[in-house]
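This report concerns only the one structure given below.
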Amino acid sequence: MIMKDMILDKIKKVPPSGIRKYFDLINEMTDVISLGVGEPDFITPWNIREAGIYSLETGHTQYSSNAGFIELREEISKYLANKFDLVYNPEDEILVTVGGSEGIDAALRALVGPGDEVIIPEPSFVAYKGCTAFTGATPVTIELKQEDDFKLTAKQLEEAITEKTKVVIIPFPNNPTGAIMGRDDLYELVQVLKNKDIVVLSDEIYCELTYEGKHTSIASFPEMKDRTLVINGFSKSFAMTGWRLGYACGHKDLINEMKKIHQYAIMCAPTTAQDAAIEALRNSEEDVTMMSKEYNRRRRVAIDGFRKAGFSCYEPKGAFYVFPCIKKTGLSSEDFCEKLLIEQKVLVVPGTAFGECGEGYVRACYASSMENIIEAMKRIKEFADKY
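Below you can see the structure in the form of structure tokens.
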């Protein structure tokens, strides 16, 4: 038996994440400043860690219900209602998942298959296209453009929809561009979608990291509530990446079918992380605000640094990334990143990791320390002066 011949072609055709090889490279180097990992440099706030420790010390280590502890779902329901005017019944409209990524995967597996199309605005999170391919459905990409502030326009959406379209992904605040969609922007999309049999998958993992105004969910429009699945989690806003906890909120019929996938593949999210998340939602608003303010400070330094180095740099309004254009160097995105890493020991990620339209851009994460960001910008300026 030849093992590679036993593997499904649809799996073999999916490329590995374009980000991972750079992390492998830095493992072989010393003194590298990494602006590559999309992860807060903050430690999970102490009260949240303490709740996790207490959960372990008291032996709270059994399975939860498949959907997650009802106490956690109730807190999620309150949080979304208070913060974003989203009303979900904790009994049957909320599913606790292993990170937001599991929610994306389960939703797509429940909704699409061969012959269906999923619209994916790009540049965007690498998992959307991969999870779509795993279902056998066809990803249909829309190129987000800097001249549109990397927003998805109603015209672009209308032109991409076909009779095969089953799901549209709305990835804002956006990774990697930092773009956001305000209420007026979303209203235009609602006019396109409100009378179509299309499910919206709204990835709002960066909802707390919006630097101008308040985050708006497309699910907050009454006509979109039942046709939208909101994906969210604790990794970015609460600095809980390693806890692997997220949630999906939507129509009870979709949540119920996603729960089946979750039951067979996962069983339940880690109970220690669930106990910690209850504490996060109840008592960590000040920490979230503090971290957001600090990211905003770092954001301005990173933007200024790239611009002083001579690069065109869109001003991100959300998340914790900048997405400067590096075309004037004459280097491809991959060449730029490899040379910058080897010559200056600074890691950024090529824009092509987030879609082919990311060519000519790189992503730099400013969820690193201010000291690291300042030093990285100095090195990037030296690099730019050379090229």
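Residue numbers (full-length UniProt numbering): 1 to 387. From the three backbone atoms N, C-alpha and C, an ideal C-beta is built for every residue, glycine too.
inquiry  = Can you tell me whether S312 is helix, strand or coil according to DSSP?
reply    = Assignment of S312 by DSSP, reduced to helix, strand and coil, places it in the strand class.
Terminal residues of the beta strand (DSSP E) in which residue 430 lies = One cannot answer for residue 430 here, as it falls past the ends of the chain, which runs 1 to 387.
query = Taking the alpha carbon of E359 as the point to measure from, which residue in N256, S64, T177 has its own alpha carbon closest?
reply = A check of alpha carbon separations from E359 across N256, S64, T177 identifies T177 as the nearest.
message = Relative to the C-alpha of S17, which candidate in A265, D148, H262, T352 has its C-alpha closest?
response = Answer by Cα proximity: T352.
N232, DSSP secondary structure in three states = Strand, per DSSP.
key: Cβ neighbour criterion (16 or more within 10 Å) applied to D184   = Label assigned to D184: exposed.
request  = Could you name the residues of the same chain whose beta carbon sits closer than 7 Å to that of N47, not counting the 5 residues immediately before and after it, in chain order?
outcome  = The residues are E279, N283, S284.
Backbone CA spacing between M3 and I261 [nearest angstrom] = Across the structure, M3 and I261 are spaced so that their CA atoms are roughly 27 Å apart.
ask   = Taking the alpha carbon of V37 as the point to measure from, which residue in R299, I43, R363, F383 has its own alpha carbon closest?
value = Taking V37 as reference, the option from R299, I43, R363, F383 with the minimal CA-CA separation is R363.
query = Sorted by chain position, which residues of the same chain lie with C-beta nearer than 7 Å to N232's C-beta, five sequence neighbours on each side aside?
reply = Contacts found: G100, E204, I205, C207, G246, Y247.
inquiry  = Just to check my reading of the structure: G355 and T141 have Cβ atoms closer than 8 Å, yes? What is that Cβ distance to the nearest angstrom?
reply    = Between G355 and T141 the beta-carbon gap is near 6 Å, inside 8 Å, which marks them as a contact.
key: Element boundaries [beta strand (DSSP E), containing G246]   = It spans 246-249 - the beta strand (DSSP E) in which G246 sits, taken as one unbroken run.
inquiry  = Please identify the residue among D5, D253, F234, G242 whose C-alpha is closest to the C-alpha of R227.
reply    = Checked all of D5, D253, F234, G242; the closest Cα to R227 is D253.
ask   = Taking the C-alpha atoms as reference points, what is the distance between residue 391 and L157?
value = Beyond the ends of the chain as shown, which are 1 and 387, falls residue 391; an answer cannot be given.
ask   = Exposed or buried, which one is I76 when buried takes at least 16 other CB atoms within 10 Å?
value = Burial of I76 is indicated by the presence of at least 16 other C-beta atoms within 10 angstroms of its C-beta.
ask   = By how many angstroms is the C-alpha of A107 removed from the C-alpha of K236?
value = Looking at the two C-alpha atoms, the distance is approximately 21 Å.
inquiry  = Per the DSSP calculation, L35 is bridged to which residue(s)?
reply    = Listed as beta-bridge partners of L35 by DSSP are no residues whatsoever.
task = Could you pull out every residue in the same chain whose Cβ sits closer than 6 Å to the Cβ of L169, ignoring the five residues on either side in sequence?
result = Correcting the residue identity first, residue 169 is Ile in this sequence and not Leu. Closer than 6 Å at the Cβ level, and outside the excluded window around I169, lie I120, Y128, L201.
Cβ-Cβ separation, K339 to residue 388 (assumed contact under 8 Å), whole Å = Here the chain comprises residues numbered 1 to 387, so residue 388 is not present and cannot be evaluated.
task = Find out if the Cβ-Cβ distance for the pair A179, K317 is shorter than 8 Å.
result = Going by C-beta atoms, A179 is nearer than 8 Å to K317.
Whole-angstrom distance between M29 and L209, CA atom to CA atom = When rounded, the separation of the alpha-carbon atoms in L209 and M29 is 32 Å.
ask   = Under 8 Å, do V230 and K166 count as touching if we go by C-beta distance?
value = Not closer than 8 Å, so no.
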